[in-house]
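Everything on this sheet refers to the single structure shown next.
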Amino acid sequence: MLRPPKYSYRAFGLNIGSEIPLPNLKITNAPPEVFVATGKLPSHLANLPPLEQRKKQVAPGEVLHKDAERSFYLKNGQEMRFGPDFGHQNSTKEQMKILEMAFLFLWLQRGALSLHASAVNINGTAVAFMGDGGSGKSTTSAFLLQQGFAKLADDFMVINFDDNQPYLIPFSLRQNLTRKSMQLLGLDFTTAEKLPGEEKYSLDISELSSDPVLLKKIYYLCPTKADEVTFRPLKGFAKINALTAHYQHKQFLTKTFPTQNYFWDHLATLGASISMTKIIRPHHKNTLTEIAAQVVAELPDVLKNVCL
């Protein structure tokens with residue numbers, strides 16, 4: 024971007040300079056780390072083999088995403104360009120969805136990891152819930168949100184490393200829950216937006232976090248036929264195996280995307296920096312209160328140094 028930005032924001036753990044207004048983001052006067060603009064998207068990537076269901080062309084330092092709903096171009100983790108119609112043909116909610124996706128891949132360009140997990144901020148510490156689809160990640164973090172803790176991530180979480188410490192980048196613009204989960208939490212699904220093609224409903228989060236939070240704990244949720252909740256600490260390679268199984272965007276482990284260069288080092292650093300516990304829970308009954316109470320009670324131990 025050649026011109027000084029008209030607007031300055033703080034969101035997704037970054038200072039953003041933009042030539043267009045962006046919805047619902049915190050205003051700041053800090054020097055920008057990322058520049059956002061609109062205009063014609065480059066065509067020089069069009070002949071490259073596409074990734075992620077034929078929607079993305081990727082070259083060293085560049086990502087071009089084009090589909091019926093979202094189009095954007097990223098360069099070197101510092102520049103973001105949307106098509107000329109961005110902001111004119113999209114509702115505020117649609118703009119936020121596009122921004123969330125674009126900043127996710129911009130962070131991957133900057134060397135971050137993405138895991139299939141939800142997370143909350145509990146007394147200044149990021150606590151995450153990882154697991155397969157339907158394991159209770161979003162429901163557990165939504166329950167903790169109801170208890171007054173800020174939500175940081177839903178369905179995926181982005182982790183950046185500063186001085187070998189993992190920081191969770193806040194990405195929670197909304198939370199997606201099944202009808203059963205909403206009824207369990209006492210929420211009215213009839214007033215929520217139903218996600219197309221899914222049995223989930225989307226709820227906006229009123230207050231967006233903007234700054235990275237130190238990640239110290241990951242709970243690995245495993246629903247089973249057991250009758251009681253069991254907490255089992257994970258150590259050593261058991262941590263690495265679980266983290267690897269829930270790494271998102273494996274299709275970007277290519278020589279044209281920087282993920283390949285740091286993937287295993289970052290996983291090892293993450294495993295050495297966090298405490299990790301497997302939660303075996305009954306899938307046939309509500310154990311939210313029991314799990315949440317144990318999670319909060321463990322915080323003093325979470326804040327101690329951990330290692331492989």
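According to our numbering, the sequence shown is numbered sequentially starting from 24.
In this text, a Cβ means the ideal position worked out from N, Cα and C, and glycines have one as well.
| Asked | Found |
| --- | --- |
| Closest residue to A140 among P83, G157 and D108 (Cα-Cα distance) | G157 |
| Meets three-Cβ-pair contact criterion under 8 Å: the segment 281-301 and the segment 104-124 | no |
| Nearest candidate by alpha-carbon position, reference A295, set H306, S66, K262 and F286 | K262 |
| Given 8 Å, three or more beta-carbon pairs between the segment 212-228 and the segment 187-199 | yes |
| 7 Å CB neighbourhood of H169 in its chain, flanking five on each side removed | His is not the amino acid found at residue 169; the sequence shown has Gln there. Excluding positions up to five away in sequence, the list reads L208. |
| Assigned secondary structure, V329 (DSSP; H/G/I helix, E/B strand, else coil) | Bear in mind that a pLDDT of 36 at V329, under 50, signals an unreliable position, so the model cannot answer this. |
| Top-ranked residue by Cα proximity to V318, from M299, H306, D211 and H307 | M299 |
| P83 burial status per 10 Å Cβ neighbour count (16 or more: buried) | exposed |
| Where N183 falls: helix, strand or coil (DSSP) | strand |
| Per-residue burial, R77 [other beta carbons within 10 Å of its own, 16 or more giving buried] | Confidence at R77 is low in this model, with a pLDDT of 48, below 50, so the placement of that residue is unreliable and no value is reported for it. |
| Cβ-based burial, D186 [other Cβ within 10 Å; buried from 16] | exposed |
| Opening and closing residue of the beta strand (DSSP E) in which S204 lies | Note, S204: premise wrong, no beta strand (DSSP E); alpha helix (DSSP H) at R202 to L207. |
| DSSP three-state assignment for V86, whether helix, strand or coil | strand |
| Three or more C-beta pairs below 8 Å linking the segment 264-271 and the segment 159-173 | no |
| Euclidean distance between Cα positions of S164 and A315 | 9 Å |
| Where A142 falls, given that 16 or more other Cβ within 10 Å makes a residue buried | buried |
| Which of helix, strand or coil DSSP assigns to R77 | With a pLDDT of only 48 at R77, under the threshold of 50, the placement of this residue in the model should not be trusted; the figure read from the coordinates follows. Residue state, collapsed to three classes: coil. |
| 8 Å contact criterion, which V86 and F58 should meet: CB distance rounded | V86 to F58, Cβ: 15 Å. No contact. |
| Pair within 9 Å by beta-carbon distance, I182 and C245 | no |
| Beta-ladder partner(s) of I297, from DSSP | Its beta-bridge partners do not exist; DSSP assigns none. |
| Which of helix, strand or coil DSSP assigns to F260 | helix |
| Contacts around P44, its chain only, beta-carbon distance under 7 Å, and the 5 residues preceding and following it disregarded | Y30 |
| Whole-angstrom distance between L210 and K98, CA atom to CA atom | 41 Å |
| N-terminal and C-terminal residue of the alpha helix (DSSP H) that A315 is part of | L311 to A320 |
| Contact under 9 Å by Cβ, L138 with F179 | yes |
| Cut-off 7 Å between Cβ atoms - residues of its own chain near P55, not counting five sequence neighbours on either side | P28, S31, N38, I39 and G40 |
| Backbone secondary structure at M24 - three-state DSSP | Only weak support is given to the placement of M24: the predicted model assigns it a pLDDT of 46, under 50, and the value that follows is read from those uncertain coordinates. Coil, per DSSP. |
| Closest Cα partner of F95 within the set T115, K116 and A60 | A60 |
| DSSP state of K116 mapped onto helix, strand, coil | helix |
| Cβ distance (whole Å) where K49 is taken to contact S204 below 8 Å | About 29 Å; that fails the 8 Å criterion. |
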